[in-house]
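Residues are numbered in my numbering as their position in the sequence shown, beginning at 1, plus a constant of 149.
Remarks on the structure that follows.
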Amino acid sequence: MEAFGYIIAGIGVFFVGLKLLSSALKSLAGRRFRQNFARWIGSDLKAGTVGFISGFLSQSMSALSFIIGSLVGAGMIPVKRGILVIFWANAGIGIMIILAVLNIKIAILFVLGLSGLSFAFNKPQGTDNLSQALFGGAMLFFGLIMLRTGAEPLAAMSWFETFLTSTQTSYMLSFIAGAILTSICQSSSAISILAISLTQVGILSMEQTMMIIYGTNVGSGVISWILSSGIKGSPRQLVMSQVLFNILTAMIFVPLFYLEVLGDVPLVLALMQGLNLPLEQQAALIYLFFNWGGAVVLSLGLNPFYKSVSKFWPATEEENWSRPKYLSDDTPDTPEIAITLLSKEQENLIQHLRAYPQLLIEQSDQKECTAHSLHSSYASISREVSSQAGETVRQHLSHSTMEFLLIIQNKQKQMDNLEELLHYFTLTSIKLSRPLQEKFQQTFIQSLDFLLHTAGEAETSSDAEDANNMIQLTRDKGQVFKSIRSAYLSGENELDLNERNTFLELTSIFERIVWTLGRIARFQHAQKKLDSSEVILQLSL
C-alpha cells in the first residue's frame, strides 16, 4: 500500500512541478532573455551539445522532454531546435548505462530545498521567477523519483526475474517484456542494467538482452506519452518527439536485429562481439549504440520529422494568437524601425480585441475558455510591445522620436486597461440568462463591436480626422447610460435581484470601456498629428 501511495504522490508532485516550471519560464521569457538563450543553442551543433549534456546529467528523458517542452511553450527556443535537443539528450542518457553510478537524487533534494526557500521568502530580491523555475523543475524530478521509489519493490519480486527469463522462447517476447517492465518501473536504464546483470550470469543470451534493451526504450516513450495526455500544442510536439524517437529508432534496429540473427548478416551484434569486450560491456554499448544511432539518423531527417509532428500535434489557437505579428527577437536596434514595428503591432492588438464582442455574438459552449485564451494571448503580445518599447527608449533618440515613443507607451497602457475591461465584461456577460443575453446583444454587444471596429480603422488610418471621429463617438455618455439603465430596469420587472445587479455591473463596465476607448483615440490623434520629419517618414515606408 505504501508503494502505491508513492506512485500516486509522485504523479501529483510531477504535475505541480510542471505547472510551476511552465508558469515561471513564461515570466522569465522576456525578449532579452530569449536572445541570450538563443545564443546558447544558436546552431544545430550547440543544440545537440546542450541536449547531450542535459541527458547525461538528468538521467530522465521523461522529465527532460517536459522541461524542453516548457521552454518551447514559453517561446525561449523554436520547436525544431528543441526537437534536436531531445534527440541528442537520448544519446547523453546512453552514457549512463556505461557509468551506471551517477545518482542525482541528492542534488535534486538540495535544489528543491534551496530553491523552495528562495521562492518562499523571495531571497535574493528579484529572483522569484528564477527560484520558482528551479523549484518547479526540482519538484518535477522529485515526482519521478517518488514514482520510481514506489515502483522499485516490484522489481525485487520473484515474478519480475521470472518474467524476464520466460522470454527465452521468443526474441519478440524479450522486446515486449522490456517495454512493459520499463513502463511499470519508470526507468529504462534500471531494466537494462538488470538485463545486463542476468546476461553476466548466463540467464539471458546476448540476443535476448539486445531485444530487452530495445524494448526498454519503447517503454520509456510510453511513459512520456501517458504523462503528456493533458498537454497540447508546441509542448506536446516536444514530448511526442521523444515518444517517436524511441519508436522510430526501434523500427530501425529491430528489423536489423532479425536480419542479423535470421539472415546471418553481420550487423550490430557482430560489431559488439568483434570488440572482444566482456558481455556486460557489450550489452551496455548496445544501449549506447541504439540511442546514438537514433540521434544521428533522425537528426538527418529533422525537417520532415518536424513537419510531421507539427501536422499531427499542431500549435493551439492560443499559441497562434500569442505570437507577435511584427516584433521578433531579430528586430533591428534602429529606433525608427523599432517604432514602426511597435505601431504595426498595436494595430494587430486592436484587431485582437475585436474577438471579445464577436465571441459573445457567436453560439458556442466554450466561451469562457476562449475568453481566457484571448486574455492570455493578448498579455503575451503586450509584454513583447512593452519590452521592445523599454529597450528602444534607452537608445539615443531625437526629440520627435522620443515623443512618438512615449505616445506608443501611454497608448499601450490604455489598451491594456481596455483589454482587462473587455475580458471581465465578456466573462460577466456569459452569466446572463438567455433572454437577457439576447437583449443585451442587440444594444451593447453590437455597439461594442462597432466601437472596436472604428478604433481599429482609426489605428490603421494616417488621417487624424478618423481618430477625431472616434473621440466624438466616445465623449461623455453618462446621461445616456443612466437613461438606458432606467429604461431596462423599469421595463424588466421579471428580472431577479442577481440579474439586476449583473446588468448594472455590465453597464458600468461598458461605460468605462467607452471612456478608455476615448483615451486611446486621443493618443491616436496625437500620433497622427505628430510632425513627420523624423518618424512619420519611416512609418510610411
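Just so it is clear, CB atoms sit at the ideal spot from N, CA and C, and this is done for glycine as well.
Note that the structure is a prediction, hence the values are computed from the model and not measured.
Throw me the rounded Cβ distance for the residue i and residue j pair, which I believe falls under 8 Å.
{"i": "Leu476", "j": "Leu490", "result": "6 Å"}
{"i": "Gln495", "j": "Val534", "result": "7 Å"}
{"i": "Gly368", "j": "Ala328", "result": "4 Å"}
{"i": "Ala282", "j": "Asn440", "result": "Contact flag wrong, Cβ pair sits at about 27 Å."}
{"i": "Ala287", "j": "Leu266", "result": "12 Å between Cβ atoms; not a contact."}
{"i": "Ile499", "j": "Ile594", "result": "Incorrect: roughly 18 Å between the Cβ atoms, too far for contact."}
{"i": "Ala444", "j": "Phe236", "result": "5 Å"}
{"i": "Met210", "j": "Ile242", "result": "6 Å"}
{"i": "Leu405", "j": "Leu416", "result": "5 Å"}
Which residues in the same chain have their Cβ closer than 6 Å to the Cβ of residue i, if we skip the five residues on either side of it in sequence?
{"i": "His524", "result": "His572"}
{"i": "Ile362", "result": "Ser341, Ile435, Tyr436"}
{"i": "Met360", "result": "Tyr320, Ser323, Phe324"}
{"i": "Ser682", "result": "Confidence at Ser682 is low in this model, with a pLDDT of 43, below 50, so the placement of that residue is unreliable and no value is reported for it."}
{"i": "Ala504", "result": "Leu523"}
{"i": "Leu251", "result": "Reliability of the predicted coordinates at Leu251 is poor, the pLDDT of 44 falling under 50, and the value obtained from them is presented with this limitation in mind. None."}
Quick one: grab the DSSP three-state call for residue i.
{"i": "Glu654", "result": "helix"}
{"i": "Trp470", "result": "helix"}
{"i": "Val414", "result": "coil"}
{"i": "His545", "result": "coil"}
{"i": "Thr483", "result": "coil"}
{"i": "Asp612", "result": "coil"}
{"i": "Trp462", "result": "coil"}
{"i": "Tyr155", "result": "helix"}
{"i": "Asp514", "result": "coil"}
{"i": "Ser280", "result": "helix"}
{"i": "Met225", "result": "coil"}
{"i": "Val250", "result": "Confidence is the limiting factor: at Val250 the pLDDT is only 37, short of 50, which leaves the residue's position unreliable and the question unanswerable from this model."}
{"i": "Ser341", "result": "helix"}
{"i": "Gln595", "result": "helix"}
{"i": "Leu437", "result": "helix"}
{"i": "Arg668", "result": "helix"}
{"i": "Ile401", "result": "helix"}
{"i": "Lys560", "result": "helix"}
{"i": "Ile362", "result": "helix"}
{"i": "Gln274", "result": "coil"}
{"i": "Ile190", "result": "coil"}
{"i": "Asn617", "result": "helix"}
{"i": "Lys407", "result": "The residue you asked about is not Lys; residue 407 is Tyr in the sequence shown. Tyr407 falls in the helix class under three-state DSSP."}
{"i": "Ser211", "result": "helix"}
{"i": "Gly423", "result": "coil"}
{"i": "Ser172", "result": "helix"}
{"i": "Ser108", "result": "Residue 108 lies beyond the residue range present for the chain, which begins at 150 and ends at 690; the question has no answer from this structure."}
Could you check the C-alpha separation between residue i and residue j for me, to the nearest Å?
{"i": "Phe163", "j": "Trp374", "result": "14 Å"}
{"i": "Phe291", "j": "Ala528", "result": "32 Å"}
{"i": "Lys580", "j": "Ile658", "result": "15 Å"}
{"i": "Leu653", "j": "Leu646", "result": "11 Å"}
{"i": "Gln422", "j": "Gly275", "result": "57 Å"}
{"i": "Val388", "j": "Ile333", "result": "19 Å"}
{"i": "Ser582", "j": "Phe574", "result": "15 Å"}
{"i": "Glu614", "j": "Arg532", "result": "30 Å"}
{"i": "Phe268", "j": "Ser536", "result": "24 Å"}
{"i": "Asp413", "j": "Leu220", "result": "46 Å"}
{"i": "Leu555", "j": "Phe672", "result": "10 Å"}
{"i": "Gly299", "j": "Ile156", "result": "5 Å"}
{"i": "Glu468", "j": "Phe553", "result": "30 Å"}
{"i": "Gly231", "j": "Ser377", "result": "16 Å"}
{"i": "Ile401", "j": "Leu408", "result": "11 Å"}
{"i": "Asp612", "j": "Asn395", "result": "59 Å"}
{"i": "Lys678", "j": "Ile557", "result": "13 Å"}
{"i": "Asn278", "j": "Gln430", "result": "44 Å"}
{"i": "Gly159", "j": "His521", "result": "30 Å"}
{"i": "Thr365", "j": "Glu517", "result": "43 Å"}
{"i": "Met551", "j": "Arg472", "result": "27 Å"}
{"i": "Leu330", "j": "Ser337", "result": "8 Å"}
{"i": "Gly379", "j": "Val403", "result": "31 Å"}
Cutting at 7 Å between CB atoms, please list the residues of its own chain near residue i, excluding the five before and the five after it.
{"i": "Asn566", "result": "Thr665"}
{"i": "Thr603", "result": "Met619, Leu622"}
{"i": "Ile669", "result": "Lys560, Gln563, Met564, Leu567, Ala604"}
{"i": "Ser214", "result": "Ile235, Ser373, Leu387, Val388, Gln391"}
{"i": "Leu570", "result": "Ile658, Arg661, Ile662, Thr665"}
Under 8 Å Cβ to Cβ from residue i, same chain only, skipping five residues before and after it: list those, please.
{"i": "Leu233", "result": "Asp193, Ala196, Gly197, Gly200, Ser448, Leu451"}
{"i": "Pro227", "result": "Val221"}
{"i": "Val410", "result": "Tyr320, Glu356, Leu418"}
{"i": "Phe461", "result": "Met389"}
{"i": "Glu608", "result": "Gln495, Glu496, Ile499, Gln673"}
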